[in-house]
Amino acid sequence: MEEEPEFPSACGPIRLPPSTIRVTDADEEIFLLYTSLAAQDPTDSSTGFRGLGYVDSHKDTLTIEFTIQTPDASSAIVENDRAIPQRRLGRAATKKQKVALAGQEQVLSVELYQDKTALRSRKGDTGSVLWRASVDLAHYVLQQYYARAPDALISPAALQGAHVLELGTGTGLLAIVLSRIVARYTATDIEALVPLIRKNLTLNRPKLPPSPSPKHRRVHSRGDTAHSDLLANVIVEALDWEMLHRASAHARRSLYKFPPIDILLVVDCIYHPSLLPALLSTIDHLTTPELTAVLVVTELRAEDVVREFLERWLALSPEGAWKVFRVDGILDRPYVIWIGWKRLSVGQE
61 MEEEPEFPSA
71 CGPIRLPPST
81 IRVTDADEEI
91 FLLYTSLAAQ
101 DPTDSSTGFR
111 GLGYVDSHKD
121 TLTIEFTIQT
131 PDASSAIVEN
141 DRAIPQRRLG
151 RAATKKQKVA
161 LAGQEQVLSV
171 ELYQDKTALR
181 SRKGDTGSVL
191 WRASVDLAHY
201 VLQQYYARAP
211 DALISPAALQ
221 GAHVLELGTG
231 TGLLAIVLSR
241 IVARYTATDI
251 EALVPLIRKN
261 LTLNRPKLPP
271 SPSPKHRRVH
281 SRGDTAHSDL
291 LANVIVEALD
301 WEMLHRASAH
311 ARRSLYKFPP
321 IDILLVVDCI
331 YHPSLLPALL
341 STIDHLTTPE
351 LTAVLVVTEL
361 RAEDVVREFL
371 ERWLALSPEG
381 AWKVFRVDGI
391 LDRPYVIWIG
401 WKRLSVGQE
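In the working numbering, the protein residues as written are 61 to 409.
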């Protein structure tokens, strides 16, 4: 029998570079990560004191700008491989619709509402304000996609046909910027945050392209229809991890059904130990073996919480169905990126 390689070259649309590290021991992984974090220069603004990780929790609205380097300065940011015509960026365009071209740089501006009152008054609500991890990941993915980088973590070609589902969408930044380059984007969070996500998607609608083709229009398993103010390839759903965690296996299969997911995004969702079992139950339920790549991005804050998450993730499948890999060199510390890949169990093969 041929020996299985330490790690594959890719997990679905996500590429694993040669420097990828297979994670098998949570204690060892946490020791290495926090030792690396402690060795960072404290005067470096990117790794110095950052608070909890909010961009700015005191403002009702934020404007986030992404400066994208492209190989050809003459081409605008593309929508599904079609350059935005210059005439659409002229005097008739609103400020939110304009993409500025300067040399080999293009600037995409996103406006976001925050609910700073909910952050302070609603128990357990951390998604009503923008977190830095979402901004940094969005910038990396956009840059790699539009530059068509051959070593991009996520294959640009595969991304165009992918269904991405995000857990803990929060203000909706990733849904706004990534939905333009994927076939289908499902944004999920608790029921209380759904209106904020929809509000921000609608606010930034001029920047979003039409659905690539009718086949990507929403057909949801529970039969409800998408809101008319949202584009056909962007879906917003309430998804309570704790409710899913408490549900029986039969109820999960009938109540929490989504079209097959290519990339499951989990960005800065590791913050409260009481939610870890529910978060991992949700990840495990939504992952289709040999299809769904789980992309976890988290800021290294409370060491015990991050360790517990990793211990529980590795223990999900005693028979070794789950594999977890760390990918360095994408985002600097204090972030860590883990890729999860679920193999078919013996009974499923």
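Don't be surprised by glycine CBs; every beta carbon is placed ideally from N, CA and C.
Nearest residue (CA-CA) to residue i, options the options
| i | options | result |
| --- | --- | --- |
| Ile236 | Ser308, Ser79, Asp344 and Val296 | Val296 |
| Leu376 | Thr342, Glu165, Pro73 and Asp328 | Thr342 |
| Trp398 | Ala353, Ile241, His332 and Ala218 | Ala353 |
| Leu404 | Asp300, Lys383 and Ile241 | Lys383 |
| Ser169 | Ile124, Gln204, Pro131 and Ala217 | Ile124 |
| Glu363 | Gln164, Val396 and Ala309 | Val396 |
| Asp328 | Arg361, Leu351 and Ser334 | Arg361 |
| Lys119 | Pro210, Lys176, Ala218 and Ile257 | Lys176 |
Where residue i falls, given that 16 or more other Cβ within 10 Å makes a residue buried
| i | result |
| --- | --- |
| Thr95 | exposed |
| Thr358 | buried |
| Thr121 | exposed |
| Phe318 | buried |
| Pro255 | exposed |
| Leu315 | exposed |
| Ala133 | The pLDDT assigned to Ala133 is 44, lower than 50, so where the model puts this residue is not dependable; a value taken from the coordinates is nonetheless given after this. Answer is exposed; the Cβ neighbour count stays below 16. |
| His223 | buried |
| Gly232 | buried |
| Gly389 | exposed |
| Thr229 | buried |
| Gln129 | exposed |
| Ala193 | buried |
| Ala247 | buried |
| Pro78 | exposed |
Distance CB(residue i)-CB(residue j) smaller than 8 angstroms
| i | j | result |
| --- | --- | --- |
| Ile321 | Leu225 | yes |
| Ile81 | Phe385 | yes |
| Leu336 | Val294 | no |
| Ile74 | Ile323 | yes |
| Trp373 | Leu346 | no |
| Ala338 | Leu304 | yes |
Residue i to residue j span [Cα, whole Å]
| i | j | result |
| --- | --- | --- |
| Asp249 | Pro68 | 31 angstroms |
| Leu263 | Ala212 | 30 angstroms |
| Gln174 | Ser188 | 6 angstroms |
| Ala207 | Arg306 | 44 angstroms |
| Asp87 | Arg367 | 7 angstroms |
| Thr84 | Arg312 | 28 angstroms |
| Phe369 | Glu302 | 15 angstroms |
| Leu172 | Glu379 | 44 angstroms |
| Ala243 | Arg393 | 31 angstroms |
| Cys71 | Pro349 | 11 angstroms |
| Leu299 | Ile330 | 16 angstroms |
| Pro216 | Gln203 | 11 angstroms |
| His199 | Arg265 | 19 angstroms |
| Phe126 | Val167 | 5 angstroms |
| Gln220 | Leu234 | 15 angstroms |
| Ser334 | Glu371 | 14 angstroms |
| Gln100 | Val387 | 18 angstroms |
| Leu76 | Arg258 | 33 angstroms |
| Lys402 | Leu351 | 8 angstroms |
| Ala381 | Glu165 | 43 angstroms |
| Pro131 | Ser308 | 51 angstroms |
Whole-Å CB distance - residue i paired with residue j, under 8 angstroms assumed
| i | j | result |
| --- | --- | --- |
| Val326 | Leu197 | That pair is no contact at about 11 angstroms. |
| Val195 | Ile214 | Actually they are not in contact, since the Cβ atoms of Val195 and Ile214 sit about 17 angstroms apart, beyond 8 angstroms. |
| Leu253 | Tyr245 | Not confirmed; about 16 angstroms, so no contact. |
| Val356 | Gly400 | 7 angstroms |
Residue i at chain B interface by Cβ criterion, 8 angstroms
| i | result |
| --- | --- |
| Ala338 | Protein chains in the displayed structure number just one, and chain B is not present. |
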